[in-house]
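Numbering (my numbering), first residue to last: -17 to 410.
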């Protein structure tokens, strides 16, 4: 999870491995994924409708394929969209380069490969004391700032500096095991799961702003920090119950150093105890493969279905144009050039984070393109990836929650971003 310099950019080792595998698989990934989605759709129909004994007696397999009927429909829809996109069948609105093709050819290959390595290595992050150590050391920082336990610092850093999808996978696993309450899991998943630094550079390339990476990323971090302080303290996140879905006797108490003991020693003792009680290499490997299957079979169909639908609305209806109209006077008041053109990009990012850059790339003003780049990153909730992942996970957020949080983050971060942009361009 540690950010490193690689091939001229900053990334994390898991993302490097995923990138190499993606290159190795090449154009075969969409076909592999489509076959997998067919298997998931068929097994979900059989499992949910018939509940065969062979599935019912295996808790992990049962959890994969016996799901709510709404998720069965979504999985079937994901397979249908994948098939139409790969073979370019049916209405072009489904499989065009700005709808289904974005999800299947650009997003899904990244998720497919990163889930493999992140899932396999996740037990190494969870089971050997790292979270216990950082949880003890950083509790005094995370609680007052973000209303979160100290152990969440590892999730937050993995999400913010590394890759949001890895952070959601990590957070969901911790939530299912009873280490986070419903409110804590929802806060982490919707507040810190930002896109990777590498993908941020893609946005800058689209908008021809790569030379401004440092002021861009400083602005994103500042605006994101303010949003991370405010959003957990207002509804809907503040109204999520502080309760665990399962009891976990291994859940560490947030105790402080006492009797002259240093905080580092307390954290190290907790970490050592956690590592000592690990169940062995066999269980670790098995847990890794279960993580991979859980994400491959449970999440990718949802992302394919939800992401494609969101992009179809974005590309083929005036919905996002009308939703962006209230931002025109706000942007004009903040003296943002080409406010009418920029307004649509303020909301279309909910469908896909790349769309604001695609639409904004034609705007002449470099100032406006800089604002669009920063806003598209700090909004964080977009249905083609993070939104779809959150809905497919066990983290307790609904679609309406995501809409509200997206708008909150936009309203909170926009004045900060525009103010910083004015300062940056004045200094230039």
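Glycine included, C-beta positions come from ideal geometry on N, C-alpha and C.
About 19 Å separates the Cβ atoms of residue 111 and residue 151, ruling out a contact at the 8 Å cut-off. The DSSP-derived three-state label of residue 185 is helix.
Under the three-state reduction of DSSP, residue 226 is assigned to coil, being neither helix nor strand. Between residue 32 and residue 176, the gap from beta carbon to beta carbon reaches 9 Å or more. A straight line joining the alpha-carbon of residue 25 with that of residue 16 spans about 14 Å. Judged by DSSP secondary structure, residue 13 falls within the alpha helix (DSSP H) whose first and last residues are 11 to 32. Pairwise C-beta distances place the region 369 to 384 in contact with the region 277 to 284, as three or more of them are shorter than 8 Å. As the crow flies, the alpha-carbon of residue 218 is around 9 Å from that of residue 379. If you ignore the 5 residues before and after residue 197, its C-beta comes within less than 6 Å of the C-beta of 406, all in its own chain and listed in chain order.
In the structure shown, residue 173 falls within a helical segment according to DSSP collapsed to helix, strand and coil. For a cut-off of 8 Å, the C-beta gap from residue 90 to residue -4 is around 17 Å, too long to register as a contact. In terms of CA proximity to residue 228, 154 leads the group 154, 18 and 348. Taken in chain order, the complete alpha helix (DSSP H) segments of 4 residues or longer contained in the region 29 to 114 are 35 to 38, 41 to 47, 51 to 69, 74 to 77 and 90 to 108. Taken through DSSP and simplified to helix, strand or coil, residue 281 comes out as coil. Contact check for residue 159 against residue 131 fails: the beta carbons are separated by 9 Å or more. Remark: C-beta atoms of residue 23 and residue 69 do not approach each other more closely than 9 Å. Nearest to residue 43 by alpha-carbon distance, out of 56, 28, 63 and -16, is 28. Residue 75 places its beta carbon less than 9 Å from that of residue 297. In this structure, residue 162 keeps its C-beta atom at 9 Å or more from the C-beta atom of residue 336. Per DSSP, reduced to three states, the secondary structure at residue 363 is coil, with no helix or strand assignment.
Pairing residue 398 with residue 192 gives a Cβ-Cβ distance that is not under 9 Å. Of the candidates 40, 357 and 85, 85 places its Cα closest to the Cα of residue 284.
Cβ-Cβ distances below 7 Å link residue 135 to 116, 120 and 124 in the same chain, with the five nearest sequence neighbours on each side left out; the list follows chain order. Annotated as proximal: residue 288 and residue 369, with beta-carbon spacing under 9 Å. At a Cβ-Cβ threshold of 9 Å, residue 185 and residue 78 do not count as neighbours. With fewer than 16 other beta carbons inside 10 angstroms of its own, residue 6 counts as exposed. DSSP places residue 342 inside the alpha helix (DSSP H), whose first and last residues are 337 to 342.
Separation of the CB atoms of residue 360 and residue 205 is rounded to 5 Å, and the pair is thereby assigned contact status at 8 Å.
In the three-state DSSP reduction, residue 376 falls in the coil class, being neither helix nor strand.
For residue 224, the number of other beta carbons within 10 angstroms of its own is below 16, and it is reported as exposed. With a cutoff of 9 Å on beta-carbon distance, residue 114 and residue 252 are scored as near each other.
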